[in-house]
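**Q** Protein chains in written order, with our numbering: chain A, 1 to 346; chain B, 347 to 429; chain C, 430 to 863.
Even for Gly, the Cβ is constructed at its ideal location relative to N, Cα and C.
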């Protein structure tokens with residue numbers, strides 16, 4: 001079958017030890033049997049490895065941070081559109097999603113499509129709204145307190161661990177008031193308030209990567225058990241698992257929220273075998289290439305949704321497929337670095 | 347005043363500066379590149395002021411302030427050889 | 430200009446600026462304003478503030494039968510600003526005897542003045558009673574004083590009860606008024622009913638400031654509406670209005686915020702939708718649907734205010750960082766303690782930016798307007814425009830070290846008028862005695 005030629009822009013090219021999803025998304029798209037993609041990388045920083053990976057990215061452009069405002073981002077995308085006929089953008093950086101959601105209509109006017117949740121869905125799944133969400137949806141969620149200042153969390157247990165989480169990133173397991181206050185200040189300085197304090201659930205970590213069609217239907221879901229976790233809490237190895245309950249949770253989540261687009265559920269299986277939802281990431285996770293290898297190419301399905309096709313739901317995935325992440329020292333010519341840093345594009 | 351720019355500092359056409367001793371890189375705007383070249387070619391700061399104010403519509407006073415700042419930054423980034 | 434190329438990974442780092450210069454305000458050149466009126470100079474756009482109140486009125490009055498806006502004097506009590514709002518139909522919301530007098534002098538009828546706040550003295554209350562103003566009771570001492578005055582002056586105070594409640598936002602503002610959840614508010618209402626000497630006209634709450642969640646207003650509105658229905662059931666009195674206070678966010682960026690304020694600030698429609706929805710769901714009796722009163726200040730005036738300042742000098746810090754000093758500091762920009770104000774150069778510039786600490790002119794270490802802001806190269810005398818300064822700065826400013834500057838208004842027709850003259854030496858010193 002002849003593959004359809006399209007141009008897809010992808011962010012999150014920071015394939016480092018705490019990786020963005022961009023490179024895995026692109027690898028999945030490269031394997032598509034439906035599309036022949038020209039890939040445009042969008043990078044915030046000069047050393048995001050994806051910029052220099054020629055077999056991954058056809059061309060890369062620097063874009064302004066979300067903290068510069070949506071207007072700045074939109075202007076830059078308009079500029080890029082003068083050179084590239086972008087069909088789809090897949091944003092992969094948590095902090096930028098809000099801006100892309102806000103820009104959805106204006107991007108559409110440029111002929112650029114995105115597949116993202118609504119502002120309401122995006123807000124509801126925020127860490128600081130998760131307990132309410134859990135109550136309404138019947139999904140088990142650890143107890144949590146949303147704090148705008150250290151004083152908002154008064155009863156810090158002296159001996160039981162708790163989790164302190166930032167609004168966008170970072171989570172620390174701490175014990176006792178002193179540690180709590182230290183990490184609270186650290187997170188508040190970096191990501192602002194609110195800071196979320198959560199009951200610590202001890203157990204094995206499972207993630208589910210999924211895709212919702214926006215009408216309450218689950219199109220894809222692949223559960224993974226983390227087999228090795230780095231000091232940053234990221235999976236360095238993982239394996240697809242067959243526990244039906246994980247897929248059912250994803251179904252329930254999508255049904256409750258009418259979620260549109262990709263998502264990742266982070267779950268902990270407590271000692272007594274119950275799954276607690278600890279976080280919902282409103283985007284494709286960094287380990288997405290595993291889902292592709294297991295038979296569900298979620299990035300390709302996202303592109304199909306973006307282009308207005310109605311992909312049907314994946315029916316199965318291969319259980320026991322494993323990924324082991326590795327790092328690789330790539331040689332970059334100084335000219336390439338100089339060009340990207342001076343001109344903001346490769 | 348003579349400012350000696352280290353001889354092994356590379357400047358590209360686009361204004362990318364690389365210091366091979368430290369591995370650091372810098373960016374120069376077009377005016378910065380021009381001044382950098384003049385200094386490297388051995389012109390004194392006084393001569394640079396003359397050349398630039400002759401060529402552009404800028405007061406000697408205002409340009410000198412900027413040049414002093416520029417030179418201070420070159421020193422700070424260890425791009426000059428101090429006698 | 431030379432700048433090190435530092436490479437990190439995506440995170441919360443500074444942004445390369447993609448800002449555009451601000452050459453004019455409502456078509457009037459920033460440079461001509463500075464030449465004519467000097468710097469620093471506050472500029473108020475009449476067009477913008479009228480646009481804001483019209484939009485707000487439309488958002489609420491298309492959803493609710495009766496809506497009244499009361500202009501929050503403390504946000505900006507320049508007469509020219511207040512009068513523009515009054516012309517647009519706004520009542521006055523005041524929190525001191527001084528503000529009360531200002532409202533009267535601006536021609537606001539006494540019964541269109543809402544008197545709020547925790548500190549109303551006897552003299553203030555007498556004045557308000559004589560003018561039949563709406564008095565929003567903050568505490569029991571005030572309530573008892575009103576009972577006393579009602580007897581002395583032989584009048585019926587027109588009152589509302591200020592209620593505080595938990596709308597899910599933090600911190601809970603429980604210092605003003607009577608708490609709903611623990612029964613204080615109901616207790617205050619029963620006292621009013623049993624004294625029988627005043628008319629309970631309304632209920633009032635004000636959940637906080639710069640509330641970015643429109644949902645919180647829905648919760649608060651629902652709680653107040655339920656409370657109104659309870660009062661109707663228990664005492665047979667249907668309040669005429671529910672005052673949801675203010676606290677709507679403006680387009681400013683709070684220091685703790687990662688995203689730009691203009692991107693995350695809810696629209697008037699968002700706030701209106703939540704409040705209207707709660708009102709419509711409440712079981713008000715037939716013909717007893719209350720009016721909505723709003724006292725929003727910041728959201729109506731912040732983006733109508735600008736401050737023009739001149740660059741005094743540029744410096745290098747001991748570590749090589751760039752410092753820029755301008756002639757307006759925290760004495761005029763009280764809000765720079767909690768906002769990262771947007772700053773635009775008022776002239777064309779080269780596309781090379783550098784992270785800069787922006788200082789005011791005071792010989793005080795705290796005088797920092799922006800800890801870090803990406804700005805192009807600036808020369809002495811260049812002009813900068815500080816955005817979104819219409820709320821609180823022209824009231825909370827300080828006469829400290831220097832005198833306070835001119836304020837001009839750019840009128841709807843494009844004309845420029847001086848609405849507050851710069852202070853002179855005598856204005857400050859004539860009050861002193863040796």
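Comparing the C-beta of residue 43 of chain A with each C-beta of chain B, is any distance below 9 Å?
**A** Taking Cβ atoms only, chain B never reaches closer than 9 Å to residue 43 of chain A, which makes this a no.
**Q** Please identify the residue among C:836, C:712, C:697, C:703 whose C-alpha is closest to the C-alpha of residue 736 of chain C.
**A** Taking only the C-alpha atoms, the option nearest residue 736 of chain C is C:836.
**Q** I want to see whether chain C comes within less than 9 Å of residue 389 of chain B, judged by CB atoms only; does it?
**A** Chain C, which has no Cβ nearer than 9 Å to the Cβ of residue 389 of chain B, makes this no.
**Q** With a Cβ-Cβ cutoff of 9 Å, do residue 470 of chain C and residue 463 of chain C count as a contact?
**A** In contact: residue 470 of chain C and residue 463 of chain C (Cβ atoms closer than 9 Å).
**Q** Taking the straight line between their C-alpha atoms, what separation do you get for residue 534 of chain C and residue 655 of chain C?
**A** Roughly 37 Å separates the two Cα atoms.
**Q** Which residues, in order along the stretch 671 to 705 of chain C, keep a beta-carbon less than 7 Å from a beta-carbon of chain A?
**A** Under the 7 Å Cβ criterion, the stretch 671 to 705 of chain C contributes 685, 686, 687, 688, 689, 691, 692.
**Q** Using a cut-off of 9 Å between C-beta atoms, extract the partners of residue 120 of chain A located in chain B.
**A** Neighbours of residue 120 of chain A on chain B: none; closest Cβ ~42 Å, over 9 Å.
**Q** Considering only residues of the same chain and omitting the five flanking positions on each side of residue 70 of chain A, which have a CB-CB separation below 6 Å?
**A** Taken in chain order, the residues that qualify are 99, 102, 103.
**Q** Skipping 5 residues on each side, what residues in its chain have a beta carbon closer than 8 Å to that of residue 270 of chain A?
**A** Result list for residue 270 of chain A: 201, 202, 203, 276, in chain order.
**Q** If you measure between the beta carbons of residue 136 of chain A and residue 296 of chain A, is that distance less than 9 Å?
**A** No.
**Q** Whose C-beta lies closer than 7 Å to the C-beta of residue 320 of chain A among residues of the same chain, with five residues either side of it excluded?
**A** Cβ neighbours of residue 320 of chain A beyond the five flanking positions: 239, 240.
**Q** If you follow the beta strand (DSSP E) that residue 501 of chain C is in, where does it begin and where does it stop?
**A** Looking at the DSSP string, the run of the beta strand (DSSP E) that includes residue 501 of chain C is 496 to 501.
**Q** Identify each residue in the stretch 34 to 65 of chain A for which the Cβ-Cβ distance to at least one residue of chain B is less than 7 Å, and report them in chain order.
**A** Cβ contacts with chain B come from no residue of the stretch 34 to 65 of chain A.
**Q** Please state if the CB of residue 346 of chain A and the CB of residue 44 of chain A are separated by a distance shorter than 9 Å.
**A** No.
**Q** Got a sec, what are the start and stop residues for the beta strand (DSSP E) residue 838 of chain C sits in?
**A** That run of the beta strand (DSSP E) goes 836 to 839.
**Q** Could you tell me if residue 859 of chain C is buried or exposed, where buried requires 16 or more neighbouring beta carbons within 10 angstroms of its beta carbon?
**A** It is exposed - the Cβ of residue 859 of chain C has fewer than 16 other Cβ atoms within 10 Å.
**Q** Which same chain residues end up closer than 8 Å to residue 551 of chain C when comparing Cβ atoms and leaving out the 5 residues on each side of it in sequence?
**A** Here the set comprises 574, 578.
**Q** Residues in its own chain within less than 7 Å of residue 187 of chain A by CB, not counting five upstream and five downstream?
**A** The answer, listed in chain order, is 164, 166, 170, 195.
**Q** DSSP three-state label for residue 442 of chain C, please.
**A** Note that residue 442 of chain C scores a pLDDT of 41, beneath 50, so its modelled location is shaky and nothing firm can be said.
**Q** Does residue 363 of chain B have its Cβ less than 9 Å from a Cβ in chain C?
**A** True, the Cβ-Cβ gap to chain C drops below 9 Å.
**Q** Tell me, which residues are paired with residue 433 of chain C by DSSP?
**A** According to DSSP, which records beta bridges pairwise, residue 433 of chain C is partnered with B:372.
**Q** On the three-state DSSP scale, how would you describe residue 261 of chain A?
**A** Of the three classes helix, strand and coil, the one that applies to residue 261 of chain A here is strand, per DSSP.
**Q** Quick one: Cα of residue 65 of chain A to Cα of residue 801 of chain C, how far?
**A** Rounded to whole angstroms, residue 65 of chain A to residue 801 of chain C spans 15 Å at the Cα level.
**Q** What in chain C is Cβ-close to residue 334 of chain B, meaning under 7 Å?
**A** Residue coverage of chain B in this structure runs from 347 to 429, which leaves residue 334 of chain B outside it and unanswerable.
**Q** Exposed or buried, which one is residue 418 of chain B when buried takes at least 16 other CB atoms within 10 Å?
**A** By the 10 Å Cβ count, residue 418 of chain B comes out exposed.
**Q** Quick one: Cα of residue 84 of chain A to Cα of residue 75 of chain A, how far?
**A** Taking the straight line joining both Cα atoms gives about 14 Å.
**Q** Give the residues from the stretch 206 to 225 of chain A that approach chain C closer than 7 Å (Cβ to any Cβ), ordered along the chain.
**A** The residues in question: there are none.
**Q** Would you identify the three-state DSSP class for residue 768 of chain C, choosing helix, strand or coil?
**A** In this structure, residue 768 of chain C counts as strand in the three-state DSSP scheme.
**Q** Can you give the Cα-Cα distance for residue 8 of chain A and residue 37 of chain A, rounded to whole angstroms?
**A** About 6 Å.
**Q** Residue 378 of chain B CB to nearest chain C CB: under 9 Å?
**A** It does: the Cβ of residue 378 of chain B has a partner Cβ on chain C nearer than 9 Å.
**Q** Cutting at 6 Å between CB atoms, please list the residues of its own chain near residue 318 of chain A, excluding the five before and the five after it.
**A** Excluding positions up to five away in sequence, the list reads 294, 295.
**Q** From the DSSP output, which residues share a beta bridge with residue 670 of chain C?
**A** Paired residues: C:631, C:720.
**Q** For a contact defined as C-beta to C-beta under 8 Å, what are the partners of residue 360 of chain B on chain A?
**A** Residues of chain A passing the Cβ test: 338, 339, 342, 343.
**Q** Put residue 191 of chain A into one of helix, strand or coil per three-state DSSP.
**A** Residue 191 of chain A falls in the helix class under three-state DSSP.
**Q** If you draw a straight line from the alpha carbon of residue 142 of chain A to that of residue 162 of chain A, how long is it in whole angstroms?
**A** Each residue's Cα considered, the two are about 10 Å apart.
**Q** Pull up the distance between the alpha-carbon of residue 528 of chain C and that of residue 506 of chain C, whole angstroms please.
**A** For residue 528 of chain C and residue 506 of chain C, the distance between alpha carbons rounds to 8 Å.
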